[in-house]
Amino acid sequence: MSIQNLIINGGFETGTLTPWTSSNTTVTSQFSHSGSFSARFQSNPFTSHIGQFVPLNPGESMEVLASFAKVGTAPSTPVFIQVTFYDSLSNFLGPGLGTTIPVGQIPTANNDTWLEIHQTTTPAPPSTTQAFILIYTSPQAGTANVLVDDVALLVAPDTGATGPTGATGPAGATGPTGATGPAGATGPTGATGPAGATGPIGDTGPAGATGPIGDTG
Numbered sequence: 001m002s003i004q005n006l007i008i009n010g011g012f013e014t015g016t017l018t019p020w021t022s023s024n025t026t027v028t029s030q031f032s033h034s035g036s037f038s039a040r041f042q043s044n045p046f047t048s049h050i051g052q053f054v055p056l057n058p059g060e061s062m063e064v065l066a067s068f069a070k071v072g073t074a075p076s077t078p079v080f081i082q083v084t085f086y087d088s089l090s091n092f093l094g095p096g097l098g099t100t101i102p103v104g105q106i107p108t109a110n111n112d113t114w115l116e117i118h119q120t121t122t123p124a125p126p127s128t129t130q131a132f133i134l135i136y137t138s139p140q141a142g143t144a145n146v147l148v149d150d151v152a153l154l155v156a157p158d159t160g161a162t163g164p165t166g167a168t169g170p171a172g173a174t175g176p177t178g179a180t181g182p183a184g185a186t187g188p189t190g191a192t193g194p195a196g197a198t199g200p201i202g203d204t205g206p207a208g209a210t211g212p213i214g215d216t217g
């Protein structure tokens, strides 16, 4: 099963924002999480955003990934990430994700450190044909501009319901007989049995020899 990234140009490696929709956002080669480019929100005093529609089927969930860093030492401006679901007529069906990175929570790109976001959307509702991801900033005085890179929406193909259990396979061959175990201990002597019946009387034996004659009186 392969994992598919639905976002096009999520690393801005074309050097442009196409096909993202955007406002007050540019592509820069000064900093990047990977590759050579990232997108830079001109956060102060403007609201900046990038957005992109992706195809999606009912019941599918997406893993949302993005990396953020700020420019300079001032606190980072707040950043918002939203995913919403739509049908084929672009009718809004419901939200899939809404997360906020509060002010001051994004590290500076000068130290080559980035905040990596990993979130999961809810399953797409019935009739969904597309989803829209929107990443935007809200201007606050004294906050730094924010960079975004390596945006991804990952979805695994639907595996469908589990099929019925298959037929039982044939029995395997009988294994060899194991070695004979040691003889057990001798058991106790049993009780004495009853006396047997008396046997029959034997035949009369032959007469003995005549004794000698005694002396005359």
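Taking our numbering, I'd label the letters of the sequence shown as residues 1 to 217.
A virtual CB, placed ideally from N, CA and C, is assigned to each residue, including glycine.
Keep in mind that this is a model prediction, so the values were computed, not measured.
* residue 135: buried (16+ other C-beta within 10 angstroms of its C-beta) or exposed? -> buried
* Go ahead and pull the three-state DSSP assignment for residue 44. => coil
* Can you tell me the Cα-Cα spacing of residue 23 and residue 58, whole angstroms? -> Between the alpha carbons of residue 23 and residue 58 lies a distance of about 30 Å.
* Excluding the five sequence neighbours on either side, which residues of its own chain have a C-beta within less than 7 Å of the C-beta of residue 116, listed in chain order? -> The beta carbon of residue 116 sits closer than 7 Å to the beta carbons of 67 from its chain, once the five residues preceding and following it are set aside; these are given in chain order.
* Would you kindly work out how many angstroms separate the C-alpha atoms of residue 43 and residue 8, rounded to a whole number? => 24 Å
* To do: Identify, in the order they occur along the chain, each residue of the same chain with its Cβ nearer than 7 Å to the Cβ of residue 104, setting aside the five sequence neighbours on each side.
  => Excluding residues within five positions, the ones whose Cβ falls inside 7 Å are 75, 76.
* To do: Return helix, strand or coil for residue 124, following the three-state DSSP convention.
  => coil
* Buried or exposed: residue 126, going by 16 or more other Cβ atoms within 10 Å of its Cβ? -> exposed
* **Candidates 146, 19, 79: closest to residue 100 by CA position** => 79
* Asked: Quick one: is residue 15 buried, meaning 16 or more other Cβ sit within 10 Å of its Cβ, or exposed?
  -> exposed
* Return the chain-ordered ranges of every alpha helix (DSSP H) run that is complete within the segment 66-109 and spans a minimum of 4 residues. => none
* To do: Look at the Cβ atom of residue 6, then the Cβ atom of residue 153, and state whether they are nearer than 7 Å.
  => yes
* To do: Determine, using beta carbons only, whether residue 151 and residue 70 come nearer to each other than 7 Å.
  => no
* **Between the CA atoms of residue 120 and residue 54 - distance to the nearest angstrom** => Looking at the two C-alpha atoms, the distance is approximately 16 Å.
* Taking the C-alpha atoms as reference points, what is the distance between residue 39 and residue 91? -> 29 Å
* Asked: Quick one: what's got a C-beta closer than 6 Å to residue 175's C-beta in the same chain, skipping five residues either side?
  -> none
* Asked: Count the other CB atoms within 10 Å of the CB of residue 84; is the residue buried (16 or more) or exposed (fewer)?
  -> buried
* Whole-angstrom distance between residue 41 and residue 148, CA atom to CA atom -> 8 Å
* Assign residue 24 to one of three DSSP states: helix, strand, or coil. => Coil.
* **Opening and closing residue of the beta strand (DSSP E) in which residue 49 lies** => 49-55
* To do: Indicate the three-state DSSP secondary structure (helix, strand or coil) for residue 111 in the structure shown.
  => In this structure, DSSP gives residue 111 a helical state, which the three-state scheme calls helix.
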